[in-house]
Amino acid sequence: MASRAEPPDGGWGWMVVLSAFFQSALVFGVLRSFGVFFVEFVAAFEEQAARVSWIASIGIAVQQFGSPVGSALSTKFGPRPVVMTGGILAALGMLLASFATSLTHLYLSIGLLSGSGWALTFAPTLACLSCYFSRHRSLATGLALTGVGLSSFAFAPLFQWLLSYYAWRGALLLVSALSLHLVACGALLRPLCLAEDTTVGGPWAQLTSLLHHGPFLRYTVALTLINTGYFIPYVHLVAHLQDLGWDPLPAAFLLSVAAISDLVGRVASGWLGDAVPGPVARLLMLWTTLTGVSLALFPVAQSPTALVALTVAYGFTSGALTPVAFSVLPELVGTGRIYCGLGLLQMVESLGGLLGAPLSGYLRDVMGNYTASFVVAGACLLAGSGVLITLPHFFSCVSATTSRPQELVTEALDNKVPLPKEGLGEN
Amino acid sequence: TVKYNNLSMESYNISLTEHSSMPVEKNITLDRPSDIQLTCQLTTSRDLNSVNVTWKKDDEILGNDYLINATGNILYTQHRFTITNSKQMGSYSCVFQEEKEQRGTFNFRVPKVHGRNKPLISYVGDSTVLTCSCDDCFPLNWTWYSSNGSVQVPVGIQKNKYVRNGTYANETSLKITELLEEDGGSYWCRALFQLGESEEHIELVVLSFLVPLKPFLAIVAEVVLLVTIILLCEKYTQKKQPDSDNEKELEQIEQLKSDDSNGIENNVPRLRKTEPVGQ
Chain A
1 MASRAEPPDG GWGWMVVLSA FFQSALVFGV LRSFGVFFVE FVAAFEEQAA RVSWIASIGI
61 AVQQFGSPVG SALSTKFGPR PVVMTGGILA ALGMLLASFA TSLTHLYLSI GLLSGSGWAL
121 TFAPTLACLS CYFSRHRSLA TGLALTGVGL SSFAFAPLFQ WLLSYYAWRG ALLLVSALSL
181 HLVACGALLR PLCLAEDTTV GGPWAQLTSL LHHGPFLRYT VALTLINTGY FIPYVHLVAH
241 LQDLGWDPLP AAFLLSVAAI SDLVGRVASG WLGDAVPGPV ARLLMLWTTL TGVSLALFPV
301 AQSPTALVAL TVAYGFTSGA LTPVAFSVLP ELVGTGRIYC GLGLLQMVES LGGLLGAPLS
361 GYLRDVMGNY TASFVVAGAC LLAGSGVLIT LPHFFSCVSA TTSRPQELVT EALDNKVPLP
421 KEGLGEN
Chain B
1 TVKYNNLSME SYNISLTEHS SMPVEKNITL DRPSDIQLTC QLTTSRDLNS VNVTWKKDDE
61 ILGNDYLINA TGNILYTQHR FTITNSKQMG SYSCVFQEEK EQRGTFNFRV PKVHGRNKPL
121 ISYVGDSTVL TCSCDDCFPL NWTWYSSNGS VQVPVGIQKN KYVRNGTYAN ETSLKITELL
181 EEDGGSYWCR ALFQLGESEE HIELVVLSFL VPLKPFLAIV AEVVLLVTII LLCEKYTQKK
241 QPDSDNEKEL EQIEQLKSDD SNGIENNVPR LRKTEPVGQ
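Heads up: the sequence lines are chains A and B, in that order.
If you use the UniProt record's numbering, the first sequence corresponds to residues 1 to 427, in order.
If you use the UniProt record's numbering, the second sequence corresponds to residues 1 to 279, in order.
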């Protein structure tokens, strides 16, 4: 395979986008639609709802905390074998789950096994995408992430139909077959050798260098704050609307409206991220601030029109911040360290996700309504966007549209040979 | 009359006007013997004495066991009785006969039992639980039947079926372990009250594991095919351009070699961005 100096920005890259699209659908779409199985498990195992919810929680936790492992393995072996293995593990977990006789069995097969499979797929794929694109990186990421939204639409009714036809055992078997397509997606991830890959050290060296990288750490803090607030409306919007007196059906419909505007936001922001010059971090700060503001305004809105408008705004802005959040990373740490960077980032920001929903629920229980939780969520987002201002080159007027892989060569070399002039390299 | 028994007293009320075009009905759920007091009132502008008042049970006229009272332009009638068995359940109506007939009907029914409206699907060798429940009721007992066609056979004798009455009196479950295909079919749960019976139907479908296995294997075969096609395509396109790849590689190696020998300064104009890298 030839070594390239520049990312191809197209060509096979679009197949990688397709692969990432199906992967985000098969990983997050399945996770999001798992609630459909929830009722069946409660009845089949005669267990309490809280204990059954642990299945999905363990799966999500393993997926996020295992991301650095997936990333580290991809720096060593390339993304393709790692993602294909991940696909096999994810499908195997579901297959074993269809034979389950107890809830513990499900914790291990879906939570642990499928979760590890998912951990090995998502981060390496997005990192691979960043290798293939530089000018169109945001658009490519945005398009790839639309897979999550579309699959949530499609999988929930599909799973419901599978359940009514085959009951949960047969349905799990078929979801396993569906997850096996992750292997096919992994096969599409043709390895790309960029010039700087050979100069950067192995996984451990990369991880330690990242942990000492000031901007990366600040970015992690920002994204953790953002993640804490991000999921709150998805969890609590319907309940908040019902508190205001809405019927369940219009409330669910409003969630669908949010999902649609989320989708539009992702693609629009992806396109915008590439079209607008300057650091992508500025766009991220814009979208994060707007999301935070729209969240904080939720308690104030009472009339249906205001609520619908806010929901559309929230959906659009929160969808818009996702592709940009991933695009900032290669600019920060370079494409050579992108795999490890993404993995580490996913792991730390998952803490925000884990804390966000329970915190919001706790605030609701204490205050009696969702005002405090929406305001806190908005505040977290605004705090995150504040931290983003501290990132390097934030206020620079010079265009930094492409993250040159050569920049990392300079960094890596400078770490070993200090340059006398120009202050190049890290302090 | 004064009652000295310990039955609960239930009162129900229907209001009619002379303009009520449709008969007014009230559905009442009763699961235990009770003292019943039914009151109907008619608001009319006509002469109250010209109205003929009767009480009927299921179209049979009842005796004189009721009161009639007139105040202003409202006519009240009240019927008190006791329901102790299933024969006394049914529809009780107060009928005001003037030019048109105005009727108010109280429908007494035993509580309805809920099961599942969709069939319950399970697999051979698996175990499953069929549940029935009713809202706010206390049945005397529950029984389960299975039916082939129209014959109902009591369940609970076969060795793999266990009737479990839930922690609350208003629910019951039938647990079937080690399912066989013959265990599939219609099941009935019946709640017995002092005032009657109520039953519900649940359909159980037992599938063999081959049923989902076939589509599963088909999809796995499709994935294997996809992966093979993708990898073969790649090998094929690679084979077509071996020379150009080698050429590019040689070029790159030459460049890197010359960069190394010239030192880092030569890289600076090509590599550096205009602002300092990292902070």
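The C-beta atom is built at its ideal place from N, Cα and C for all residues, glycine as well.
Checklist entry - Among A281/A, G59/A and V42/A, which has the Cα closest to the Cα of V52/A? => result If you number the first sequence from 1, residue 52/A lands on position 52. With distances taken between Cα atoms, V52/A lies closest to V42/A.
Checklist entry - What are the boundary residues of the alpha helix (DSSP H) that S102/A is part of? => result In the first sequence, counting from the first residue as 1, residue 102/A sits at position 102. Segment: none, S102/A is in no alpha helix (DSSP H) and carries neither H nor E.
Item to check | Which of helix, strand or coil DSSP assigns to S208/B | outcome: Within the second sequence, the letter at position 208 stands for residue 208/B. Here S208/B carries a coil assignment [DSSP, helix/strand/coil].
Next on the checklist: Is there a C-beta anywhere in chain A that falls below 8 angstroms from the one on I219/B?
Outcome noted: The residue you call residue 219/B lines up with position 219 of the second sequence. Chain A, which has a Cβ nearer than 8 angstroms to the Cβ of I219/B, makes this yes.
Next on the checklist: Is there a C-beta anywhere in chain B that falls below 8 angstroms from the one on H181/A?
Outcome noted: If you number the first sequence from 1, residue 181/A lands on position 181. Residue-level contact by beta carbon holds for H181/A and chain B, with a gap shorter than 8 angstroms.
Item to check | For D59/B, the three-state DSSP class (helix, strand or coil) | outcome: In the second sequence, residue 59/B corresponds to position 59, counting from 1. Per DSSP, reduced to three states, the secondary structure at D59/B is coil, with no helix or strand assignment.
Next on the checklist: Taking 8 angstroms as the threshold (beta carbon to beta carbon), is E60/B in contact with chain A?
Outcome noted: Stepping through the second sequence from its first residue, residue 60/B is reached at position 60. Nearest CB-CB separation between E60/B and chain A: not below the 8 angstroms threshold.
Item to check | Chain-ordered neighbours of L174/A on chain B, where CB pairs are closer than 9 angstroms | outcome: Taking the first residue of the first sequence as 1, we reach residue 174/A at position 174. Chain order gives the chain B residues near L174/A as P212, P215, F216 and I219, where near means a beta carbon separation below 9 angstroms.
Next on the checklist: Along the chain, where does the beta strand (DSSP E) containing D35/B start, and where does it finish?
Outcome noted: Counted from its first residue, the second sequence places residue 35/B at position 35. D35/B -> beta strand (DSSP E) spans S34 to T43.
Checklist entry - Where do the ends of the alpha helix (DSSP H) carrying I55/A lie? => result As a working note, residue 55/A is residue 55 in the first sequence. Counting along the chain, the alpha helix (DSSP H) containing I55/A begins and ends at A49 to F65.
Item to check | Proximal residues of chain A, C-beta to C-beta of S122/B below 7 angstroms | outcome: Sequence index remark: in the second sequence, residue 122/B carries index 122 (1-based). Listed along chain A are A167, each with a C-beta nearer than 7 angstroms to that of S122/B.
Next on the checklist: Does the CB of C337/A have a neighbour CB from chain B at under 8 angstroms?
Outcome noted: The residue given as residue 337/A occupies position 337 in the first sequence. Checking the sequence, you will find Arg at residue 337/A rather than Cys. Taking 8 angstroms as the CB threshold, R337/A stays off the interface with chain B.
Checklist entry - Fully enclosed by the stretch 9-52 of chain A, which alpha helix (DSSP H) runs are 4 residues long or longer? => result Those alpha helix (DSSP H) runs which fall completely within the stretch 9-52 of chain A and span 4+ residues are 13-24, 30-33 and 35-45.
Next on the checklist: Please identify the residue among E40/A, G115/A, D262/A and V36/A whose C-alpha is closest to the C-alpha of G87/A.
Outcome noted: Walking along the first sequence from the start, residue 87/A turns up at place 87. Each of E40/A, G115/A, D262/A and V36/A was checked against the Cα of G87/A, and the nearest Cα belongs to G115/A.
Checklist entry - In terms of residues, what are the limits of the alpha helix (DSSP H) holding A169/B? => result Locating residue 169/B in the second sequence gives position 169, where the first residue counts as 1. Premise fails: A169/B is in no alpha helix (DSSP H) and is neither H nor E.
Next on the checklist: Once the 5 residues before and after A383/A are set aside, which same chain residues still bring their CB inside 7 angstroms of it?
Outcome noted: Here residue 383/A refers to the residue found at position 383 when the first sequence is read from its first residue. So the qualifying residues of the chain are L225.
Item to check | At least three beta-carbon pairs within less than 8 angstroms, the stretch 78-85 of chain B to the stretch 27-39 of chain B | outcome: Contact holds: three or more Cβ-Cβ distances are below 8 angstroms.
Checklist entry - Of the choices R190/A, F155/A, L192/A and V183/A, whose alpha-carbon is the least far from that of V175/A? => result Looking up residue 175/A in the first sequence gives position 175. Checking every option, the nearest Cα to that of V175/A belongs to F155/A.
Item to check | 4-residue-minimum alpha helix (DSSP H) runs that sit fully inside the stretch 147-225 of chain A, ordered along the chain | outcome: Fully enclosed alpha helix (DSSP H) runs of 4 or longer: 181-187 and 203-211.
Checklist entry - In angstroms, rounded to a whole number, what distance separates the CA positions of T54/B and N73/B? => result The residue given as residue 54/B occupies position 54 in the second sequence. The residue given as residue 73/B occupies position 73 in the second sequence. Rounded to whole angstroms, T54/B and N73/B show a C-alpha spacing of 18 angstroms.
Checklist entry - What does A187/A reach in chain B if we use C-beta pairs closer than 7 angstroms? => result Along the first sequence, read from residue 1 onward, the residue named residue 187/A stands at position 187. Those are V227, I230 and L231, listed as they occur along chain B.
Item to check | Distance, K100/B Cα to S20/B Cα | outcome: Within the second sequence, residue 20/B is the residue found at index 20, counting from 1. Within the second sequence, residue 100/B is the residue found at index 100, counting from 1. For S20/B and K100/B, the gap between their C-alpha atoms comes out near 10 angstroms.
Item to check | Cβ neighbours of F65/A in the same chain (closer than 7 angstroms, five flanking residues each side left out) | outcome: Position 65 of the first sequence, counted from the first residue, corresponds to residue 65/A. Excluding positions up to five away in sequence, the list reads M347 and S350.
Next on the checklist: Just to make sure I have the definition right: I need the residues of chain A whose C-beta is within less than 8 angstroms of the C-beta of K118/B. Which are they?
Outcome noted: Here the question's residue 118/B lines up with position 118 in the second sequence. Simply S164.
Checklist entry - Skipping 5 residues on each side, what residues in its chain have a beta carbon closer than 8 angstroms to that of L30/A? => result The residue given as residue 30/A occupies position 30 in the first sequence. It should be pointed out that residue 30/A corresponds to Val in this sequence rather than to Leu. S151, F155, V175, L178 and S179.
Item to check | T121/A vs L173/A beta-carbon contact at 8 angstroms | outcome: Position 121 of the first sequence, counted from the first residue, corresponds to residue 121/A. Position 173 of the first sequence, counted from the first residue, corresponds to residue 173/A. Taking 8 angstroms as the Cβ cut-off, T121/A and L173/A do not qualify as a contacting pair.
Item to check | G315/A, buried or exposed, once every other Cβ within 10 Å from all chains shown has been counted against 16 | outcome: As a first step, residue 315/A must be located in the first sequence, where it is residue number 315. Buried: at least 16 other Cβ atoms inside 10 Å.
Next on the checklist: According to DSSP, S130/A sits in a beta bridge with which residue or residues?
Outcome noted: For the purposes of this step, residue 130/A is taken as the residue at position 130 of the first sequence. As computed with DSSP, S130/A is found in no beta bridge at all.
Next on the checklist: DSSP three-state label for R164/B, please.
Outcome noted: Numbered from 1 along the second sequence, position 164 holds the residue referred to as residue 164/B. Three-state result, R164/B: strand.
Item to check | Residues, ordered as in the chain, of the stretch 30-46 of chain A that lie near chain B by beta-carbon distance below 9 angstroms | outcome: Residues passing the 9 angstroms Cβ filter: A43, A44 and E46.
Next on the checklist: With a threshold of 8 angstroms between beta-carbons, can A252/A be considered close to chain B, or not?
Outcome noted: If you number the first sequence from 1, residue 252/A lands on position 252. Not one beta carbon of chain B lies nearer than 8 angstroms to the beta carbon of A252/A.
Next on the checklist: Do L18/A and L188/A have their beta-carbon atoms positioned less than 8 angstroms apart in this structure?
Outcome noted: The count along the first sequence starts at 1 and reaches residue 188/A at position 188. The count along the first sequence starts at 1 and reaches residue 18/A at position 18. Result yes, Cβ atoms of L188/A and L18/A sit closer than 8 angstroms.
Next on the checklist: Measuring straight from C-alpha to C-alpha, what distance separates H201/B and A325/A?
Outcome noted: Here residue 201/B refers to the residue found at position 201 of the second sequence. Here residue 325/A refers to the residue found at position 325 of the first sequence. Spanning the two alpha carbons is a distance of roughly 54 angstroms.
Item to check | Neighbourhood of G273/A by C-beta, 6 angstroms cutoff - its chain only, sequence neighbours within 5 removed | outcome: Numbered from its first residue, the first sequence carries residue 273/A at position 273. Result list for G273/A: S138, V280, L283, V324 and S327, in chain order.
Checklist entry - M9/B: which of V211/B, T44/B, I83/B and E18/B sits nearest, CA to CA? => result On the second sequence, position 9 is the one that residue 9/B refers to. Considering only V211/B, T44/B, I83/B and E18/B, the residue with the shortest C-alpha distance to M9/B is I83/B.
Item to check | Contact with chain B by G117/A, beta-carbon distance below 8 angstroms | outcome: Taking the first sequence and counting its residues from 1, one reaches residue 117/A at position 117. At a cut-off of 8 angstroms between beta-carbon atoms, G117/A makes no contact with chain B.
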